[in-house]
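Novice: Below is a structure I'd like to ask you about.
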Amino acid sequence: MPAPPTPAAHSKEPAPGRPRATDAARRDRRADILLAAERLFAQRGYHAVSLRQIAAEAGVPLALVSYHHGSKQELFHAIFAHWKPTLDDRLQRLAEVRRQTDGGSDALPRIVQAFVEPVLQLRSSAEGEYYAMLVAREVALGSSDLGSVLHDFFDPLAHAFIDALHAARPQATRTQAAWAYQFALGALLHHLCDKRIGPLSRGQALPNEAQAAPLLQRFICCGIDAVLNPPSSLPVSEGDTP
Numbered sequence: 001m002p003a004p005p006t007p008a009a010h011s012k013e014p015a016p017g018r019p020r021a022t023d024a025a026r027r028d029r030r031a032d033i034l035l036a037a038e039r040l041f042a043q044r045g046y047h048a049v050s051l052r053q054i055a056a057e058a059g060v061p062l063a064l065v066s067y068h069h070g071s072k073q074e075l076f077h078a079i080f081a082h083w084k085p086t087l088d089d090r091l092q093r094l095a096e097v098r099r100q101t102d103g104g105s106d107a108l109p110r111i112v113q114a115f116v117e118p119v120l121q122l123r124s125s126a127e128g129e130y131y132a133m134l135v136a137r138e139v140a141l142g143s144s145d146l147g148s149v150l151h152d153f154f155d156p157l158a159h160a161f162i163d164a165l166h167a168a169r170p171q172a173t174r175t176q177a178a179w180a181y182q183f184a185l186g187a188l189l190h191h192l193c194d195k196r197i198g199p200l201s202r203g204q205a206l207p208n209e210a211q212a213a214p215l216l217q218r219f220i221c222c223g224i225d226a227v228l229n230p231p232s233s234l235p236v237s238e239g240d241t242p
């Protein structure tokens, strides 16, 4: 009796007109799923999107979403892993600023530039804009079930900027620097998702326009400076005493 065929014996060339799935095609499907998830999460929010909707948006079978990315939370995490180089770029810029300025008082404008500029550059592409919207919409909320994203990707960045602010304004406390960072982050995240500037400016400005970038940086820089180097006439609570 002949031995059963080995797995190799079962393999065949694809039938005519039915091309073999290439590594590139598999990578494309994986990327399509990631972009579809990013787009839907940004537009609707994490809790309002299902894996089935992501599969439909990406044009792939539902099983393929789980095959490539696992659960919905794992897929959400994968989006931020995909964009981690942008976070690394911000950290590298910040480290370069601190090397060139010795973290002194003149470093503040460049610290703010390193904080803001790479994020605004994301909006030059549709994919980058979805990611920026996603960060503004979901990560800023800090919900407990998404806490691993904050811990894994954004907390190291936050601590690095807080330390840089404290070094640039050593007369302040690190707690005050942490508050200044949070206020700056709020301004940046609001700018990323804002759509009201058009009607509020009576049609004279548009969201995402390049002219807003230096205004935002100046606003954040002046705000941080006011918090970390307040005039002596302003009251300071006991807990904020350096």
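Going letter by letter, the sequence shown gives residues 1 to 242 in UniProt numbering. No residue lacks a Cβ here, since even glycine has one placed at the ideal position from N, Cα and C.
(1) With a Cβ-Cβ cutoff of 9 angstroms, do Ala42 and Tyr130 count as a contact?
(2) Using 8 angstroms as the cut-off, classify the Cβ of Phe219 as near or not near the heavy atoms of the ligand COA, replying yes or no.
(3) Taking C-beta to C-beta, are Ile224 and Ala167 nearer than 9 angstroms?
(4) Go through its chain and collect everything with a Cβ distance to Asn208's Cβ below 8 angstroms, but skip five positions before and after it.
(5) So Leu216 and Arg169 are supposed to be a Cβ contact under 8 angstroms. How far apart are they, rounded?
(6) Among Gln113, Phe153, Phe115, Trp83, which one has its Cα closest to the Cα of Leu35?
(7) At a cut of 8 angstroms, does the stretch 58-66 reach the stretch 78-92 through at least three beta carbon pairs?
(8) What separation, rounded to the nearest whole angstrom, lies between the Cα atoms of Ala226 and Gln53?
(9) Give the straight-line distance between the Cα atoms of Ala55 and Ser71, rounded to the nearest whole angstrom.
(10) Return helix, strand or coil for Trp179, following the three-state DSSP convention.
(11) Are the beta-carbon atoms belonging to residue 253 and Ser148 less than 9 angstroms from one another?
(12) How about Phe154 and Ala187: do their beta carbons lie closer than 9 angstroms?
(13) Could you say which of Pro199, Gly45, Gln92, Pro214 lies nearest to Ala160 if we only look at CA atoms?
(14) Exposed or buried, which one is Ala177 when buried takes at least 16 other CB atoms within 10 Å?
(15) Have a look at Leu51, Arg90, Ala95 and flag the residue whose alpha-carbon is nearest the alpha-carbon of Glu74.
(16) Run the CB neighbour count on Arg39, radius 10 Å, all protein chains shown included, and call it buried at 16 or more, exposed below.
(17) Rounded to a whole number of angstroms, what is the C-alpha to C-alpha distance between Glu57 and His47?
(18) Taking 7 angstroms as the limit between beta carbons, can you name the residues of its chain near Leu165, skipping five residues before and five after?
(19) Kindly indicate the opening and closing residues of the alpha helix (DSSP H) around Glu138.
(20) If you draw a straight line from the C-alpha of Arg29 to the C-alpha of Val49, how long is it?
(21) Could you have a look at Ala172 and say whether DSSP puts it in helix, strand or coil?
(22) Roughly how many whole angstroms lie between the Cα atoms of Gln204 and Ala132?
(23) Answer yes or no: do Val116 and Ala107 have a C-beta to C-beta separation smaller than 9 angstroms?
(24) Helix, strand or coil, according to DSSP, for Gly147 in the structure here?
Specialist: For this structure:
(1) yes
(2) Summarising the ligand content, the structure contains no ligands, and the ligand COA is consequently not present.
(3) no
(4) Arg123, Glu129
(5) Their Cβ separation, rounded to whole angstroms, is 20 angstroms, which puts Leu216 and Arg169 out of contact at 8 angstroms.
(6) Trp83
(7) no
(8) 46 angstroms
(9) 13 angstroms
(10) helix
(11) Not covered by the structure: residue 253. The range shown for the chain is 1 to 242.
(12) no
(13) Gln92
(14) buried
(15) Leu51
(16) buried
(17) 16 angstroms
(18) Ile111, Ala177, Ala180, Tyr181, Ile224, Leu228
(19) Unbroken run through Glu138: none, as it is neither H nor E.
(20) 19 angstroms
(21) coil
(22) 24 angstroms
(23) no
(24) helix
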